[in-house]
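Here's the structure we're looking at; comments come further down.
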Amino acid sequence: MHGEYKVPGGKLVVADVNLEEGCLSEVSISGDFFLEPDSALNIINEALTGLPETSSHKTLAAAIDEALDDDVMMFGFSAEAIATAIRRALGKASSWLDHQFTLIPPVTLPAAEHAALDEVIADSVAKGLRGPTLRFWDWDDSVVVIGSFQSEKNEVDMAAAKEANIQVVRRATGGGAMFMEPGNCITYSLTVPTSLVDGMSIEKSYEFLDAWVLAALAEVGIKAYYKPLNDIASAQGKIGGAAQKRFANGVVVHHATLAYDIDANKMLQVLRTGREKLSDKGITSANKRVDPMRSQTGLTRTAIIDAFMNQFSQAYQTQVDDYLPKELSAARALVETKYLTEEWLYKVT
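Here full-length UniProt numbering is used: the sequence shown runs in plain steps of one and ends on residue 349.
Next comes the structure, spelled out in structure tokens:
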């Protein structure tokens, strides 16, 4: 069995391994990395030999670290990188190139229905009804979508929202509130098997799953970078943020919302942006927290979304498709039984 892992900004790690009675055998690690002394490579191979094929990423990496002396120097790779290559060889971890992705262009639906679709699509991917999916939201209603663990009374001025005819919806993923009027931002959801982020910390997985977005932003003239834990920013300020949920069915939903042309004054009337949150970012004016993409590109929102889809299609194996009728039906049912119920909206007091 053969597995490869290219360390971001580092070197290629290759793992060749056999199995004997459910344990690793004939382990051979290779690559274009640097390692001193040379004898450490045999120590790494021996440390992995005999471990159960079910060993977690953490167990594999720990076995390597424990076997190596403090004077061993690894350049361009790490014990974690080796563990990923081993897990890929065993079919426990996967890479972008191991999957064919479904790309769903923007479809106009109520925002609450898009929130429900995150849960529905995760179920479809887990059951093999569809492959990993990147889908873009579009909506014609005005909403604030709050994170799964946020308190609506702390995040939203409900009276102001009602007066402005803005609905409040709680989503399944964590993270912060999204102020979404028609055409004011770009939101996408990426639903993938957890094997794609096997062994990654939450922080690393955020950056990993949005690497293609940074390339897409560069294509439209925005030099963006990832700001831990979950922000996408440029020299002009924050562009957007990402959120995730790892479902028990072995699927990750990762989505991001990037500002295009937000009415900052209206946003601030509805959202309760605390001073503590602003001071954490070294900003004195909430109006400056999000820098819309339109001011940096001059492009239409549609043109930017097209650039995003083109970038993803060029980077990975992709086919364009649509929602399954039963997915839309399931999402509408979830809206009624969960996403627009008071029990769900007020679940965090």
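Virtual Cβ for every residue (Gly too), placed ideally from N, Cα, C.
Check	Outcome
Whole-angstrom distance between Cys23 and Leu217, CA atom to CA atom	45 Å
Contact belief for Ala82 with Ile44 at Cβ below 8 Å, rounded distance in angstroms	Before going on, a small fix: residue 82 reads as Ile here, not Ala. With a Cβ gap of about 7 Å, Ile82 and Ile44 count as contacting.
Neighbourhood of Leu12 by C-beta, 6 Å cutoff - its chain only, sequence neighbours within 5 removed	Lys6, Gly31, Asp32
Cβ-based burial, Val156 [other Cβ within 10 Å; buried from 16]	buried
Endpoints, the beta strand (DSSP E) within which Tyr226 is located	224-227
Range covered by the beta strand (DSSP E) that runs through Ala233	231-234
Buried versus exposed, by CB contacts within 10 Å (16 or more), Ile202	exposed
Outcome for Ser124 when other beta-carbon atoms lying within 10 angstroms are tallied against a minimum of 16	buried
Enclosing beta strand (DSSP E) for Asn18 [first to last residue]	12-20
Simplified DSSP state of Gly9, which is helix, strand or coil	coil
Own chain residues within Cβ distance below 7 Å of Asp231, not counting five before or after	Lys238, Gly241
N-terminal and C-terminal residue of the alpha helix (DSSP H) that Trp212 is part of	211-219
Proximal residues to Leu48 (C-beta, below 6 Å), its chain only, five neighbours per side dropped	Leu24, Val27
Enclosing alpha helix (DSSP H) for Phe312 [first to last residue]	301-315
For Glu4: DSSP bridge partner residues	Val14
C-alpha gap between Pro52 and Glu80, whole angstroms	17 Å
Distance between Ser189 and Ile262 (C-alpha atoms, nearest Å)	20 Å
CB of Val107 within 8 Å of CB of Asp138, strictly	yes
As assigned by DSSP and simplified to three states, the class of Ser124	helix
Of the residues Leu345, Glu343, Leu299, Lys338, the one placed nearest Leu117, counting alpha carbons only	Lys338
Residues near Gly50 in its chain [Cβ-Cβ closer than 7 Å; skip 5 each side]	Cys23, Leu24
Proximity winner among Gln317, Thr273, Thr133, relative to Leu97 (alpha-carbon distances)	Gln317
Nearest-angstrom beta carbon gap, Ala126 and Gly250 [assumed within contact, 8 Å]	6 Å
7 Å CB neighbourhood of Asn154 in its chain, flanking five on each side removed	Arg272
Ser329 - DSSP class collapsed to helix/strand/coil	helix
Straight-line Cα distance separating Asp198 from Ala259	30 Å
Cβ neighbours of Leu129 in the same chain (closer than 6 Å, five flanking residues each side left out)	none
For Glu152 and Ala172, the rounded distance between their alpha carbons	14 Å
Bounding residues of the beta strand (DSSP E) (the contiguous stretch that carries Val270)	Not the beta strand (DSSP E): Val270 falls in the alpha helix (DSSP H), residues 264-270.
Other residues of its chain near Lys347: CB distance less than 8 Å, five sequence neighbours each side excluded	Arg170
Lys245 burial status per 10 Å Cβ neighbour count (16 or more: buried)	buried
N- and C-terminal bounds of the beta strand (DSSP E) containing Lys92	Note, Lys92: premise wrong, no beta strand (DSSP E); not H, not E.
Classification of Pro8 by the beta-carbon crowding that lies within 10 angstroms, buried from 16 upward	exposed
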